[in-house]
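Line by line, the protein sequences are chains A and B. The opening residue of the first sequence carries number 5 in this note's numbering; numbering runs sequentially from there. The opening residue of the second sequence carries number 13 in this note's numbering; numbering runs sequentially from there.
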Amino acid sequence: MNPDPPSADTAAVKSVDVSHRGAFGAILGVASAAVAIGLGHLVAGIVGREASPVIAVGSAAIDLTPEWLKSFAIQTFGERDKTVLLGGIAVVVVLAAVALGVVSVRRRTVGLMGLAVLGMVGVTAALTRPTSNAVDALPSIMGALAGAATLIALHRRLAPAPPHPPTPTAAIGVERRRFLLGGAAALGLAALAGETGQLLSRRFAADASRAAVTIPRPVDPAGSAPAGADLEVEGLSQFYTPNAEFYRVDTALLVPAVRTEDWRLRVHGMVERELLLDFEQLIARDLIERDITLTCVSNEIGGDYVGNARWVGAPLAPLLEEAGVDPAADQLVSRSVDGFTVGTPTAAVTDGRDAMLAVQMNGEPLPLTHGFPVRMLVPGLYGYVSATKWITELELSTFDAFDPYWVRRGWAAQAPIKTQSRIDTPRPLAKVPAGRAVIAGVAWAQRRGIERVEVRIDDEPWREADLSTQDTVDTWRQWRVDWDATDPGSHTLQVRATDATGATQTADRVEPFPDGATGQHQLVVTVT
Amino acid sequence: MRLLSKGHSAMVAGLMVLAIGSAACSSDSSTVAGGATSGDAGAVSNQPFGAACSAVPADGAGSFDGMAQDPVATAASNNTVLSTLVTAVTEAGLVDTLNGTDDITVFAPINDAFAAMDKKTLNAAMADPKGLLTTVLTYHVVAGRLSPADLAGTHDTLEGSTLEVTGSGEDFTVNGSAAVVCGNVQTANATVYLIDGVLMPPDA
Chain A
5 MNPDPPSADT
15 AAVKSVDVSH
25 RGAFGAILGV
35 ASAAVAIGLG
45 HLVAGIVGRE
55 ASPVIAVGSA
65 AIDLTPEWLK
75 SFAIQTFGER
85 DKTVLLGGIA
95 VVVVLAAVAL
105 GVVSVRRRTV
115 GLMGLAVLGM
125 VGVTAALTRP
135 TSNAVDALPS
145 IMGALAGAAT
155 LIALHRRLAP
165 APPHPPTPTA
175 AIGVERRRFL
185 LGGAAALGLA
195 ALAGETGQLL
205 SRRFAADASR
215 AAVTIPRPVD
225 PAGSAPAGAD
235 LEVEGLSQFY
245 TPNAEFYRVD
255 TALLVPAVRT
265 EDWRLRVHGM
275 VERELLLDFE
285 QLIARDLIER
295 DITLTCVSNE
305 IGGDYVGNAR
315 WVGAPLAPLL
325 EEAGVDPAAD
335 QLVSRSVDGF
345 TVGTPTAAVT
355 DGRDAMLAVQ
365 MNGEPLPLTH
375 GFPVRMLVPG
385 LYGYVSATKW
395 ITELELSTFD
405 AFDPYWVRRG
415 WAAQAPIKTQ
425 SRIDTPRPLA
435 KVPAGRAVIA
445 GVAWAQRRGI
455 ERVEVRIDDE
465 PWREADLSTQ
475 DTVDTWRQWR
485 VDWDATDPGS
495 HTLQVRATDA
505 TGATQTADRV
515 EPFPDGATGQ
525 HQLVVTVT
Chain B
13 MRLLSKGHSA
23 MVAGLMVLAI
33 GSAACSSDSS
43 TVAGGATSGD
53 AGAVSNQPFG
63 AACSAVPADG
73 AGSFDGMAQD
83 PVATAASNNT
93 VLSTLVTAVT
103 EAGLVDTLNG
113 TDDITVFAPI
123 NDAFAAMDKK
133 TLNAAMADPK
143 GLLTTVLTYH
153 VVAGRLSPAD
163 LAGTHDTLEG
173 STLEVTGSGE
183 DFTVNGSAAV
193 VCGNVQTANA
203 TVYLIDGVLM
213 PPDA
């Protein structure tokens with residue numbers, strides 16, 4: 005920020021028609037203040053919501069308001085008292101910005117000082133909050149600097165460059181347009197920054213809400229996984245996929261941030277009575293705990309869009325029973341807060357399997373990326389037809405009447421999970437030291453269960469793998485084969501699984517579109 | 013004005029970082045149900061180069077953006093100039109292997125390269141998918157993602173022997189014979205250099 009030449013202030017005064025000074029000054033002041041506040045709110049979206057100049061000053065103002073005025077405000081405005089307070093602050097800021105802007109046309113320094121004062125008020129408010137720390141000063145400081153930059157930039161547009169010949173009337177026309185465009189750009193920028201900050205700060209609010217959640221003990225716990233469910237082979241996927249490693253597939257560019265306090269579930273459509281539940285009501289129901297392996301339809305052969313977790317949630321079937329489902333409603337449409345839709349066969353939810361509204365994943369509240377506060381789960385179906393995250397609506401409908409999000413894009417309306425198996429170790433193209441090696445992986449056939457896994461090395465006969473103990477038919481099973489890798493060179497490993505109905509996974513390859521990939525995972529390794 | 017535009021680009025940059033950060037696991041939602049691959053979106057960002065790049069469609073799964081979302085064998089299968097290579101890779105049973113290996117560089121012979129190849133050698137390779145064909149194909153794969161800056165030099169292939177890239181800038185030749193016709197193409201797990209000749213390992 006280079007200081008302007010000393011003549012700038014004077015030049016500005018001369019170039020602006022006195023009758024326009026008020027309007028230009030108002031724009032100058034308001035645009036600069038808006039950028040300062042908007043950017044401050046954006047930075048607060050990163051360092052912490054409470055540090056936003058808007059929130060910090062508002063909170064400080066509430067603390068400083070005399071008790072009689074507070075009571076008056078609550079009595080007069082009720083729950084809107086905070087809105088009124090913020091509105092009041094906004095009016096004061098706008099009036100101050102207009103006044104400072106008008107003065108700044110003549111004396112730019114006054115405007116810059118005004119922004120400095122605004123920044124200092126923000127810093128003071130942010131740093132005196134009970135839980136503040138030093139970085140909370142950043143939003144106000146950076147906001148004030150951005151406001152100052154805006155003020156200087158717009159102010160320059162009021163002043164013609166010194167060498168220009170003095171043709172005041174023509175110059176003013178061009179300048180006015182340049183100035184107004186600059187002002188509009190600044191206001192647009194401020195709005196964008198502020199809105200982004202708002203989105204980010206909602207994430208903080210949801211994080212705080214998640215930290216405060218206590219899920220009651222399930223009335224129907226899963227008990228510990230059976231001994232031998234995890235073969236504990238190096239390089240093999242763990243039986244329970246840690247939340248941080250669990251695959252995430254969704255359409256949300258910005259992860260929805262929903263607080264439990266704000267969450268509602270509406271059950272409607274072809275039902276006898278609509279239901280509306282809040283989060284407390286949901287977790288007050290009889291919760292179940294289940295191990296369920298989720299799979300994404302987009303998973304390629306050998307891909308990692310599959311994971312197993314322990315979930316706690318409210319069973320769906322009793323909820324639908326309370327609502328009284330019309331027998332003709334063959335499709336359960338679920339909607340997430342961002343409008344994404346999923347269609348599930350009603351029969352799959354009510355046939356006795358553990359379809360649930362899950363609130364807990366591997367012992368902790370759902371991570372935000374996995375649908376906090378509530379997601380749907382239906383064992384045996386690919387995620388895009390069952391596992392709605394950030395769920396907020398259940399609408400009983402029919403397959404004829406409604407196509408959900410991915411079905412509209414050509415994916416199948418019905419998509420049960422296909423039997424699959426995967427080699428986890430050795431890795432493709434790995435160099436395997438000659439000698440005893442272990443080939444290991446996972447296999448899944450939710451709702452049916454895995455009965456057998458076989459491995460083929462090159463063109464040798466298929467050999468049966470040792471299986472981990474089955475937890476439930478809805479979870480994957482690990483498998484291992486010991487391999488005497490004595491023959492140096494390149495070898496092809498291939499795997500296939502057979503489900504409990506006796507059906508063996510086909511070798512025919514089809515791509516994931518439109519209802520899930522088939523084919524047997526095979527890879528090449530080198531024995532050295 | 014200068015200051016304002018600086019502020020603006022910083023803002024835009026900030027928003028881009030956000031978009032990339034939160035989109036690391038979600039990608040082109042029109043091609044993948046549920047919208048995603050978990051490829052490392054931020055890995056390499058410089059542009060493909062070379063005369064043959066112009067043959068690549070501007071959008072869809074076969075475009076550069078489309079290929080960046082898919083693992084390398086899947087990406088190649090969406091690109092018509094690589095159909096012979098894809099057939100060979102499928103015959104050799106190398107699809108999952110190539111898709112499943114993190115961070116590799118693939119020298120991908122285009123259809124013309126196979127057409128120009130000695131018929132006897134090609135037939136011999138295709139007749140022995142798990143042997144000669146696998147050897148030849150894995151000779152086209154190098155561990156690690158080679159950027160154009162790292163491309164020139166001698167590299168160990170996954171077949172075991174080495175290959176040598178000469179040249180600089182946007183002009184490279186592999187083993188003195190196969191020219192890079194479109195280079196630095198990004199897929200979810202591999203960097204691809206399209207070449208106009210099939211490479212033969214020294215002991216094949």
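Think of the CB as a built atom: it goes at the ideal place given N, C-alpha and C, for glycine as much as any other residue. These numbers were taken from a predicted model, which means no experiment stands behind them.
C-alpha gap between residue i and residue j, whole angstroms
| i | j | result |
| --- | --- | --- |
| Ala261/A | Gly523/A | 38 Å |
| Arg513/A | Ala521/A | 7 Å |
| Ser566/A | Ala70/B | Limits of chain A in this structure are 5 at one end and 532 at the other, which puts residue 566/A out of reach. |
| Val529/A | Gly143/B | 13 Å |
| Arg431/A | Gly151/A | 55 Å |
| Asp519/A | Val301/A | 6 Å |
| Val531/A | Leu145/B | 18 Å |
| Asp404/A | Ser390/A | 18 Å |
| Ala64/B | Leu206/B | 8 Å |
| Ser340/A | Gly74/B | 31 Å |
| Thr117/B | Tyr388/A | 33 Å |
| Asp215/B | Phe376/A | 57 Å |
| Ala327/A | Ile93/A | 46 Å |
| Val253/A | Asn303/A | 10 Å |
| Asp208/B | Asn90/B | 19 Å |
| Gly232/A | Gly367/A | 21 Å |
| Arg182/A | Ala209/A | 40 Å |
| Val192/B | Val186/B | 7 Å |
| Asn201/B | Arg157/B | 9 Å |
| Val378/A | Lys393/A | 7 Å |
| Ser494/A | Ile461/A | 11 Å |
| Pro70/A | Pro57/A | 21 Å |
| Glu464/A | Glu458/A | 12 Å |
Same chain, Cβ closer than 6 Å to residue i, five either side skipped, listed in chain order
| i | result |
| --- | --- |
| Phe344/A | Thr255 and Tyr409 |
| Val51/A | Val139 and Leu142 |
| Asp470/A | Arg484 |
| Asp3/A | As shown, chain A starts at 5 and ends at 532. That puts residue 3/A outside it, with no answer to give. |
| His159/A | Arg112 |
| Ala197/A | Gly42, Leu43 and Leu46 |
| Arg25/A | Val109 |
| Thr166/B | Thr174 and Glu176 |
Beta-carbon proximity list for residue i, same chain, < 8 Å, skipping 5 on both sides
| i | result |
| --- | --- |
| Thr169/B | Thr150, Tyr151, His152, Val153, Val154, Leu175 and Pro213 |
| Met117/A | none |
| Ser63/A | Glu54, Ala129 and Arg133 |
| Gly239/A | Asp428, Thr429, Pro430, Arg431 and Ala444 |
| Thr135/A | Glu54 |
| Arg451/A | Arg357, Pro383, Gly384, Pro420, Ile421, Val477 and Asp478 |
| Val114/A | Leu104, Val107 and Ser108 |
| Lys86/A | Gly62 and Ile66 |
Interface partners of residue i on chain C, CB under 8 Å
| i | result |
| --- | --- |
| Thr203/B | In summary, chain C is missing from the structure at hand, where the protein chains are A and B. |
Own chain partners of residue i with C-beta closer than 7 Å, once the 5 adjacent residues on each side are dropped
| i | result |
| --- | --- |
| Ser34/B | Reliability of the predicted coordinates at Ser34/B is poor, the pLDDT of 25 falling under 50, and no value is obtained from them. |
| Gln526/A | Thr496, Leu497 and Gln498 |
| Met13/B | Confidence in Met13/B is poor, its pLDDT being 31 and thus under 50, which makes the residue's placement too unreliable to answer from. |
| Asn312/A | Phe243, Tyr244, Thr245, Asp295, Thr297, Thr479 and Trp480 |
| Tyr1/A | Here chain A comprises residues numbered 5 to 532, so residue 1/A is not present and cannot be evaluated. |
Identified DSSP bridge partners for residue i
| i | result |
| --- | --- |
| Ser180/B | Asp183/B |
| Ala202/B | Ile116/B |
| Arg483/A | Before going further, note that residue 483/A is Trp rather than Arg in the sequence given. The partner list for Trp483/A (beta bridge, DSSP) reads Gly445/A and Leu471/A. |
| Cys300/A | Paired residue(s): none; Cys300/A is not in a bridge. |
Evaluate the contact criterion for the segment 487–497 of chain A versus the segment 432–452 of chain A: three or more CB pairs, one atom per stretch, below 8 Å. At 8 Å Cβ cutoff, the stretches touch.
Runs of alpha helix (DSSP H) wholly within the segment 45–98 of chain A (minimum 4 residues, chain order): For the segment 45–98 of chain A, whole alpha helix (DSSP H) runs of length 4 or above, ordered along the chain, are 57–68 and 71–81.
If you scan the segment 380–441 of chain A from start to end, which runs of the alpha helix (DSSP H) of 4 or more residues do you find wholly inside it? The segment 380–441 of chain A contains these whole alpha helix (DSSP H) runs: 409–412.
Could you tell me whether the segment 391–398 of chain A touches the segment 410–418 of chain A, where touching means 3 or more Cβ pairs closer than 8 Å? No, the segment 391–398 of chain A does not touch the segment 410–418 of chain A.
Using 8 Å as the cut-off, can you tell me whether the segment 104–113 of chain B makes contact with the segment 81–89 of chain B, which would need three or more C-beta pairs spanning the two stretches below that distance? Contact between the segment 104–113 of chain B and the segment 81–89 of chain B is present, because at least three Cβ pairs lie under 8 Å.
Would you check if the segment 310–324 of chain A and the segment 348–363 of chain A touch, i.e. whether three or more CB-CB distances between them fall below 8 Å? Cβ pair count under 8 Å is three or more, so yes.
Considering only residues of the segment 206–280 of chain A, which uninterrupted beta strand (DSSP E) runs meet the minimum length of 3 residues and lie entirely inside it, listed in chain order? Counting only runs of 3 or more, we get 268–273.
Any chance you could list the beta strand (DSSP E) runs of at least 3 consecutive residues sitting entirely within the segment 100–147 of chain B, in chain order? Runs found: 116–121.
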